[in-house]
Amino acid sequence: MRADAHIWMRFPWAAAKRAGVVAAILCAALAPIARADYAVLQSGQRIHITGYETIGDTIRLTVPGGTLEIPAASLLRIDPEDTFAPVKVKLLDVPFADFIAASSLTHGVAAELVASVISVESNFNPNAVSTKSARGLMQLMPKTAARFGVKNVFDPKQNIDAGTHYLKELLLRYNGDLKLTLAAYNAGPSPVRRWLEREGAGDADRFVELIPYPETRGYVRSLLRNRELYRALYAP
1 MRADAHIWMR FPWAAAKRAG VVAAILCAAL APIARADYAV LQSGQRIHIT GYETIGDTIR
61 LTVPGGTLEI PAASLLRIDP EDTFAPVKVK LLDVPFADFI AASSLTHGVA AELVASVISV
121 ESNFNPNAVS TKSARGLMQL MPKTAARFGV KNVFDPKQNI DAGTHYLKEL LLRYNGDLKL
181 TLAAYNAGPS PVRRWLEREG AGDADRFVEL IPYPETRGYV RSLLRNRELY RALYAP
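Per the working numbering, residue 1 is the first one in the sequence shown, and the count goes up by one each step.
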């Protein structure tokens, strides 16, 4: 008999405990490494998915908690499974690049898009205030800042994180359509909903031309130009 056998005979609960530990170790050793697929949209957004299927001109993405349908044309690629190794996000040569990179990674929004929004919204001025009371780098309205838990709207880190989170929310709402997302970021979701109800979704380019606000039309165009410039400058 092994020297430690008397211990397990005298204290059977200890043997059970040891057996449980051994079983847990075996399960951990045999369990597959956590993996995830990512749908990468034309906008640069990355969506964590567990499956997908093509239905005509639509792609149905299975995401944790449900499904999401997007136009097939908005899907750039499906990234292969990875093992959640540390992801390196490129730093753009712009002010607050580290905060942009961190928020981009956290919320799955392309860093170039975040930088483009900041450039057009505030020209990278963290103390900017608009005539409509939008504030900080990403020009957050007070209600938006409060909804995302911002304590100091002029703090670059908090402002960028909340603005990026809001961009991700809009991208999901408009199924990855970047033009609708940017129009809503500038004018608000309610006007975009009214325009869509009146004009119909149709082609995004045509929709932008039908926006009754010249400021919003110019805003969307400027952001898209800036985004493409950043993408060209920092392409791998």
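Heads up, the beta-carbon is just placed ideally off N, CA and C, and yes, glycines get one too.
For residue i, the three-state DSSP class (helix, strand or coil)
i: D57; result: coil
i: A134; result: coil
i: T216; result: helix
i: Y230; result: helix
i: P71; result: strand
i: I47; result: strand
i: L224; result: helix
i: A115; result: helix
i: V120; result: helix
i: V40; result: strand
i: V63; result: strand
i: D79; result: strand
i: L91; result: coil
Straight-line Cα distance separating residue j from residue i
i: D177; j: K168; result: 11 Å
i: M141; j: N186; result: 11 Å
i: E215; j: S122; result: 15 Å
i: Y230; j: L92; result: 8 Å
i: P191; j: D79; result: 34 Å
i: R194; j: K143; result: 21 Å
Chain-order list of residues whose beta-carbon lies under 7 Å from that of residue i (same chain, five-residue window excluded)
i: R227; result: E112, L113, S116
i: N152; result: Q158
i: L61; result: A39, I47, I49, Y52, T67, L68, I70
Nearest to residue i (by Cα), restricted to the options the options
i: S103; options: Y52, M138, R173; result: M138
i: A134; options: V109, G108, G163, L76; result: G163
i: L75; options: I49, L92, L91; result: I49
i: A128; options: D155, T62, R193; result: D155
i: T238; options: P212, D161, P189, Y230; result: Absent from the model: residue 238. The displayed extent of the chain is 1 to 236, so no value can be given.
i: L182; options: R198, I211, E197; result: I211
i: I118; options: K132, V150, F99; result: F99
i: G188; options: R198, Y213, E209; result: Y213
i: F207; options: L180, I78, A97, S130; result: L180
i: G108; options: A145, L233, D37; result: D37
Contacting residues, own chain, Cβ-Cβ under 6 Å from residue i (five flanking each side not counted)
i: V120; result: S222, L223
i: Y238; result: Shown here, the chain extends from 1 to 236; a query on residue 238 therefore has no answer.
i: P95; result: F124
i: N175; result: I70
i: F148; result: A162, H165
i: R77; result: V40
i: A184; result: L170, V192
Contact set for residue i: own chain, Cβ-Cβ below 8 Å, skip 5 residues either direction
i: R225; result: none
(request) Taking only runs that begin and end inside the segment 147-196, name each unbroken alpha helix (DSSP H) of 4 or more residues, in chain order. (result) 156-173, 178-187
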